[in-house]
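Novice: Below is one structure. I have some questions about it.
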Amino acid sequence: MANRLASFHRDQDGAALVEAALVLPMLLMLVFALADLSLYFWQRGLAAKAVDLGVRAAIVMDSVAEGPGLTPADSVAYWSGRPPGARCASGGKAGPCPAFRVVCDLAGGCVCSGSSCRFGYSPANLAPILRAMQAVLPRLEPANLRVTYATNGLGYVGRPPPVPVDVTVQIVDLAFDPIFAGLLFAKALPLHATATLPGEDLVTRR
């Protein structure tokens with residue numbers, strides 16, 4: 001009987017090893033998933049910083065959208081038939097100034113609503129914005145940027161272009177590929193970020 005009890009205790013000696021073999025993989029997966037999550041939030045922080053730098057560059061550089069209200073060549077046509085000096089907005093209502101919202105990206109060029117809304121897309125004017133953002137997020141490509149110019153109801157009829165606009169810089173179609181968690185979920189996590197500032201002169205100083 002004593003021999004059987006001793007044998008039973010010896011048989012339990014390997015139980016800890018079996019338990020460790022079961023628990024260790026789950027523990028390692030948890031550690032690696034947390035590491036991936038930390039890297040993801042770090043990349044999100046870099047994306048947020050990148051759009052901050054990008055929008056600060058965009059408001060003082062030639063606009064990516066080239067057209068009425070944003071480039072001097074279209075100044076006369078933009079204000080044609082409107083009373084000079086009239087405020088663009090009064091009492092929260094739309095005034096006599098034209099309003100537009102033009103969205104520019106590599107895939108679609110510069111697009112806005114309305115039959116009279118005509119804007120060209122300038123890759124050359126996008127380049128310095130991209131360079132400012134790549135200082136903190138080098139993997140950015142032109143296809144990952146979207147720049148929007150939208151009138152904000154300020155200014156007056158006859159103001160030389162650019163008219164007062166809010167400038168928005170977005171990171172699109174960029175993802176973080178998990179190193180370890182991807183083995184489990186096989187899914188990239190989106191890295192989107194947006195920043196908006198009122199436009200300044202929208203002219204690159206050369």
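Be aware that the sequence shown starts at 1, since it is given in UniProt numbering, and climbs by one per residue.
Cβ atoms here follow ideal geometry from the backbone N, Cα and C, with glycine treated the same way.
If you're wondering where the values come from, they're calculated on a predicted model, not measured in any experiment.
Is it a yes or a no for the stretch 156–167 touching the stretch 114–132, going by three-plus beta-carbon pairs under 8 Å?
Specialist: At 8 Å Cβ cutoff, the stretches do not touch.
Novice: Are the Cβ atoms of ASN125 and MET61 separated by less than 8 Å?
Specialist: Yes.
Novice: Classify THR204 as buried or exposed, calling it buried when 16 or more other Cβ atoms lie within 10 Å of its own Cβ.
Specialist: Flag for THR204 reads exposed.
Novice: Taking DSSP as the reference, what is the three-state secondary structure of ARG139?
Specialist: ARG139 falls in the coil class under three-state DSSP.
Novice: What would DSSP say about ILE59, mapped onto helix, strand or coil?
Specialist: Three-state DSSP puts ILE59 in coil, outside helix and strand.
Novice: Report the residue from PRO123, ALA99 and LEU202 whose alpha carbon sits nearest the alpha carbon of residue 218.
Specialist: It is not possible to answer for residue 218, since the shown part of the chain is limited to 1 through 206.
Novice: Taking the continuous beta strand (DSSP E) assigned at ILE129, which residues delimit it?
Specialist: It is not in any beta strand (DSSP E) - ILE129 instead sits in the alpha helix (DSSP H) that spans 123–134.
Novice: Could you check the C-alpha separation between residue 262 and LEU37 for me, to the nearest Å?
Specialist: Residue numbering for the chain in the displayed model covers 1 to 206; residue 262 lies beyond these limits and cannot be assessed.
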